[in-house]
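In what follows, a structure is listed as structure tokens, so that the remarks can point back to it.
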Amino acid sequence: MAYLSLQNLVKKFQARGGSGEVLAVDNVSLDIEQGEFVTLLGPSGCGKTTTLRLIAGFEFPTSGHIILDGKDVAPLPPDKRQMSMVFQSYAIFPHLSVFENIAYGLKIKKMSKEDIRRRVAQVLELTELTGLENRAPNQLSGGQQQRVALARALVMEPKVLLLDEPLSNLDAKLREQMRVELRRIQSQLGITSVYVTHDQVEAMALSDKIVVMNEGRIEQVGRPWEVYRHPANEFVANFIGRANFVDGEVVRVEGDRLVVRALGGVMDIPQPDAPRRPGEPVRLVVRPEAIRLDAGAEGFPAIVRRSTYLGELIEYDLEVGGQLLIATESDVVRAEVYPEGKAISISFHKNAVYCLPK
Amino acid sequence: MNAGRTNTLVRRLREYQQIARDPVMMTGLLASSAFVFFFVVWPLLRVAWDGFFDYQTGAFSLEYFGRYFDPYFARHSWTTLRDTMIMGLATAAGGTLLGFIIAFTFVRCNFPFKRVSHALSLVPTISPPFAIAIAVILLFGRSGLVTHKWLGIDFTYGMNDIYGLDGLVFVQIITFFPVAYLIIRAMLERLDPAMEEAAQSLGASKLHILRTVTLPLLLPGFAGAFLLLFVESLADLGNPLLLTGQRNVLSTEIYLAVNGEYNQQKAAALSLVLLVPTLTVFLVQRYWVNKRSYVSVTGKPTGGQLSIKEWYIRWPFTIITSLTLLLVIALYLSIAVGSFTKLWGIDFSFTLDNYLIAFHRGIEAILDTTFLSAVATPIAGVLGMVIAFLVVRKRFSGKEALDFVSNLGAAVPGTILGIGFIIAFIDAPWPAVMLVFLAFLLYLLNAVEASRKQKLIVSSIGIVAGLALAWTFAAWGAWYLAMIGLILALALALIAWMGAQPSHRRTLLWLMMIPVVGLILFIVGPYPTQWVAEWGRSLGGNWAKIVTSMSEWIDVFTQVPLPAHGFLLLAIGGYAMSRLKAGRWRLAFTMMLLGAATMLIFTGKPLALVGSSYIIIAAYSVRSLPASLRAGVASLQQIDPAIEEASTSLGADAQVTFRRVTLPLIAPAFLAGLIFAFARHMTSLSAIIFLTTPKWKILTVLILSEVEQGGLNIATAYSMIVILIVLAAIGLFYFFMGRAYKTDQVDITMGGG
Amino acid sequence: MLRRRIFWIALGLLLFGILAAACAPPGGAKKEASGELNLLCTPQVEWCEGMKAEFEKKYPNITVNFVRMSSGESLTRLRNEKDNPQFDIWWGGPVDGQIAAKQEGLLEQYKTPAQDKIINKKLMLDPDGYWVGVYVGSLGFATNKDWSEANGGWVPKSWDDLLDPKLKGQLMVAHPSSSGTSYTALCTLLQIKGEEDGWKFLKEYAGQVNQFTKSGSAPARFVGAGEAAVGIVFSHDIVKQIEDGMPLILSFPEEGTGYEIGGMGIIKGAKNLENAKLWYDWALQPETQELGPKYGAYQAPTVEGAKASKPELLKVKLIDYDFEWCGQHKKEFVDRFTNEIAGAENLKK
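Protein chains in written order, with the working numbering: chain A, 3 to 360; chain B, 154 to 906; chain C, 8 to 356.
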């Protein structure tokens, strides 16, 4: 039995203006193991924040169950669920000092002063806030405030740590730093964590498991590499990284590989989990980095329609077999940047083209 | 179709059940709704109702509405209506204009002595509503200082003197411009200067910017101020009573209908007529003006105000502003001086007699008014906060209605509310009492968690027993009933103690002690107060009055009418229910509770409050509730809701969150609101004027009566006393809070006069 | 342990409660002449205060609470409160107020030997014993001294003089709906001139009025302050103002003037009935009736043996004022006045 289990969660809201209902969470089921770091990833409005709030208890599910450590958590109000939350806006109490903010929940638990001091000191060290105990929140930088919010949640030693886009208000460099910090702290403490974000890079960097959501439904659950390399559908493929979609037809099966006719040529790709038979139409996901730009004679003829120099990468728009594909190549591969109009020949990395499930 | 309807019904019930999960919230909701229902909704409904029934025969009659169409009366009726509208529109226009000029001058034109000037422009809001009228008569009347003595004008008939609509409008503009000033100033400060800077960079001159950018952006503020002033003007009673001359306006007509012609139907009918424009304005303001605001009202004023240096703008504005401020100073100075003058206009010799007489005659009124204002202040403040919290943080059907109705208390003219109070509470308002009782009953039964049959049986037994007790012992008097109530309450406490969930035993016991203590006070209270009163009487003179007043004050706290004890019992019992072990304990508790509460509530004439201090306290609270409510709403809206959720996720339940997080953050606005409430109470006239009793005298009514009898000098002394008391309160507040007279979060624009 | 404690506390409270019940509830056993008296007082407030002080001197255990309200207001209050009266006794104010109150069943009947001493039982005593007269006063004109001098020493000497063009906008009188004084004047005019001509006259005279005040005696003060030239007020009020230093001249109309009898009646359902009766009897004692001048009240007494302070005020020509008629028609006349005259267009021209 999973540590935290969401079973057929449904949440409907009354639409603004009174007409009808909005289905925010549509039959979501999810199992999370103890100590796992799970990210709910998706575009805005996909239901990820609502799901998080359902877990926390700030929203009441229209139907479905939330089981934590074997017990149904639904009758419990948020203050009794032993989960703590880090909010997007940090929500630090402006009238309390850093120390008092962090100690807040411990005081409610009626811990002794000594224990409180000890625990707070520990977590201050963990989040590298030592020395700032007596500051007022408005004297802290954004990054420091974020860490205070995190510390305040961590010090409770919750069963589940919930994080609602906690890094989105930080600038890019700080965000990267905090990401690393977060992951370090979480794995050190081993707290089961549910994280919400729309930034797929963040999701990939932090998570044990990614839950891709769209319009209230789960599109795919998997480890980062699973979700990237074997997207369950076009939405996931498009949302995580970039994808070219190519239609083709199976020519023949060769062991654990498929020979597929596409783009005016023939390519050989790995067999998907559900085997295909000759003659079946397939839809292929081709990541830009899967395209090799120096194929020689057996490759697919292509014409460079546009090239953009991005420093680390060069991005090409290629016309191949009547279709426009985006390809990227690391800058260090060749000195030349193919100009517009150049005719080249391309091929695909053997294991990098994936066949979408039916 | 049916499915849809049952669905919404179910949803609504679910919402209430959600709130009911939090018993303190539910109790708060019930208590505040009950208060607002009793003291705002019910009186207004009664007024509306009574306008249609002949007060002597009880027959349905449209007589007073018909008067607008009956040729015999029509001229008078329409003239009055017309004059009322003219007065309102003129005051609104003039006041808004003046308010704008002053706001603009202060904010943009580098006017010196900023804080003093700001305070000065707010003085009219803390003085009795007709202080300005008195001052104007002193200075500009027929034998006024300026007009008669200095300018030597001899007023013969036909000359335009201060009496009449023009004088009245003049006085009202001075009285009400601070309201417009505050609103427009707040808007000006929140205007994004970037817009005007952009216009400048496009080549527009300051005047052009003023005309094409600033003024249009301020339009919602103007509209809001205009509408507000219109309503205040229509609701004003004190100034028209002194200055209309022979013209009549609706507010004085209503007043005369009650106090002069003893014709309730006419008063109610006219009140309805007056209600139409005021309610319309209120609705327009709420739903149209506020939505069209181009300026973000949340948050602090943005810095960086453009400052105007062009002389052709600066000078006219500054001159008008200075003149106005000088006028305000002069008016209040004349009141101050007048209070020390023997006979203004004839004998200007210095005397302290006015004050001596004022203290001798009015010591009771001074003490009583201050006491009642003070008692009503925390009531309005707390209620405002509770309702603000419910309205901002919770979702439930009827939330809009609660908000709307709570604001109604100050939106309707005070006279109407006053009449409503007399009509509604001269006798027990049975329908209202039943309704509220029913609501509490439903809440209780919902918390019991037993089968429907059990609930029915238990509640029937309880109610019937209670009624039986009430009727059997009715003749013995309230004191004996309180004794019985005490015994029952003690029994209840015992049941609670025995049937409580173990962890909550202590709290439950303390909670159940509250009604017990209340009843004990009721029973025991009269003994010491009687003794004090007798001792006081023996002192004679002013001391007798002071001491007997104090004994009456103690009575206000101990002799709360039994029905209030009954409702309190229900409220506390409802909360206690959730902490009891389910099953038989809850049933027994419910039965006993209903028995005790029913007996207490339905004895005698529940809520027949006319003549008591409670009706005055209620009237005060209802009038200042909206300001407190709005302050609460504004400050709550400025708190990131995530902060309260954070507290919850850290393990704090709703009460702890409210206490430790919400309350400290809204405390400043709350406290500022208290001071304004007190000032409002002290200067309230129109709502109170029908409610004074021999035991409870109100200062503002006394002032009016003095002026009416021609004793202007003593009236000025009284006015000074009121002003000084309010200033003292503000000073105390400042001293303890160390804060300036903060007005940015408190809405003092409604409910004056 | 806590349980035990609670038990003992509960028991203790119960015992205490029973003990307390054994003694009389508060106010149960009243000592002789104690408690409160709620007085509805219509004459000027100084006299009200004086009467209160004197009464309390005589009965030191009674606290008198009074509210001063003009006659019309008083009647309204009594009407409004008839199910739950806040007042015990109504003292003062023109007696047609009390007559109207009796008609509406708002007064309590009370027969007492003190009533035997009334001077003129026909006029000053209700045969059924619901009301009694406590003072008498005549209507007069108050003229501002300075204005009079500026006009060659002219003072109005008759009712018709009030229509003099000199007085346009300079007349001050109370509104008959709230003021007994003004209603007396109104009814006087109707009796002198007959109803039809009377209303015509009233319309014209209203055109001379500056402002209708609420209180009957206010015009004297306003006239004294110079806000108007002439006021119609009871002569005793005018005299008081003159004694206070107001520059006023008193005159009387030669056609005959109206007068008021100040009335008194116990309120039906009075909460302090016994104290009300005490006041009633006390008010009819000659010594009490002579207290007036001490407090600036120069009305004439109604009881044998009491000396009038300013007997000349009653030696003028008084009309045969029909109190019953005036009392019965009060609502009708006041209504008519309000609708046809006060507020009508012809007032400000």
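The beta-carbon is built from N, C-alpha and C at its ideal position, and this holds for glycine as well. In this text, all values refer to a predicted model and were calculated from it rather than measured experimentally.
Between C/Thr-119 and C/Asp-288, the gap from beta carbon to beta carbon is short of 7 Å. For B/Thr-815, the closest Cβ of chain A is not nearer than 7 Å.
Annotated as proximal: A/Val-252 and A/Arg-278, with beta-carbon spacing under 7 Å. For C/Ile-348, the three-state secondary structure derived from DSSP is helix. For B/Asp-506, the nearest beta carbon of chain C is not closer than 7 Å to its own beta carbon. With a threshold of 7 Å between beta carbons, C/Thr-70 makes contact with chain B.
Within chain B, no C-beta atom comes nearer than 9 Å to that of C/Gln-105; the closest sits roughly 14 Å away. Scanning the stretch 46-119 of chain A for uninterrupted beta strand (DSSP E) segments of 3 residues or longer gives 65-70, 85-88, listed from N- to C-terminal end. Look at B/Leu-591: its C-beta is not under 7 Å from any C-beta on chain A. In this structure, B/Gly-804 lies near A/Gly-107, with their beta-carbon atoms less than 7 Å apart. At a C-beta separation below 7 Å, B/Val-809 has these neighbours in chain A: Ile-110. Within the DSSP secondary-structure output, C/Met-179 pairs in a beta bridge with C/Gln-218, C/Gly-238.
The beta carbon of B/Ser-872 does not come within 7 Å of any beta carbon belonging to chain A, so the residue lies off that interface.
Among the CB atoms of chain B, one or more fall inside 7 Å of the CB of A/Ser-91.
Fully enclosed beta strand (DSSP E) runs of no fewer than 3 residues occupy 283-288, 302-311, 315-322 of the stretch 283-330 of chain A, in order along the chain. Between the alpha carbons of B/Ala-554 and B/Leu-827 lies a distance of about 24 Å. As the crow flies, the alpha-carbon of B/Val-669 is around 31 Å from that of B/Pro-847. Residue ranges of uninterrupted alpha helix (DSSP H) with 4 or more members, entirely inside the stretch 102-184 of chain C and ordered along the chain, are 102-110, 128-131, 152-157. For A/Ser-209, there is no enclosing alpha helix (DSSP H), as DSSP marks it with neither H nor E.
By the Cβ neighbour-count rule, B/Asn-866 is buried, with 16 or more other Cβ atoms within 10 Å of its own. Under the three-state reduction of DSSP output, A/Ala-337 falls in the coil class, being neither helix nor strand. Interface residue (Cβ-Cβ distance to chain B less than 7 Å): A/Phe-247 is not classified as such. Identification of chain A residues near B/Ile-796 by a Cβ-Cβ cut-off of 7 Å yields Ala-93, Phe-95, ordered along the chain. Taking a Cβ-Cβ cut-off of 8 Å, the neighbours of A/Tyr-106 in chain B comprise Ser-800, Leu-803, Ala-805, Arg-813, given in sequence order. C/Gln-198 and B/Ala-870 have their alpha carbons spaced roughly 42 Å apart. A/Ile-68 and A/Val-12 have their alpha carbons spaced roughly 11 Å apart. For A/Arg-336 and A/Lys-352, the gap between their C-alpha atoms comes out near 21 Å. Counting the other Cβ atoms within 10 Å of the Cβ of C/Glu-202 gives fewer than 16, which makes it exposed. Legend: CB atoms of the stretch 774-795 of chain B lying less than 8 Å from CB atoms of chain A belong to residues Asp-793, Ala-795.
Within the stretch 531-561 of chain B, not one residue has a Cβ closer than 7 Å to any Cβ of chain A. For C/Lys-284, there is no enclosing beta strand (DSSP E); the enclosing alpha helix (DSSP H) has its first and last residue at 280-290. With a threshold of 7 Å between beta carbons, C/Glu-234 makes contact with chain B. In this structure, DSSP gives B/Met-178 a helical state, which the three-state scheme calls helix.
Across the set B/Leu-370, B/Ile-337, B/Ala-339, the C-alpha of B/Leu-370 shows the shortest separation from the C-alpha of B/Ala-347. For B/Leu-672 against B/Leu-639, the beta-carbon gap comes to about 4 Å, under 8 Å, which counts as contact. Around B/Cys-262, the same chain offers Ile-461, Arg-467, Phe-470, Thr-471 as residues with beta carbons nearer than 7 Å, after the five sequence neighbours per side are excluded.
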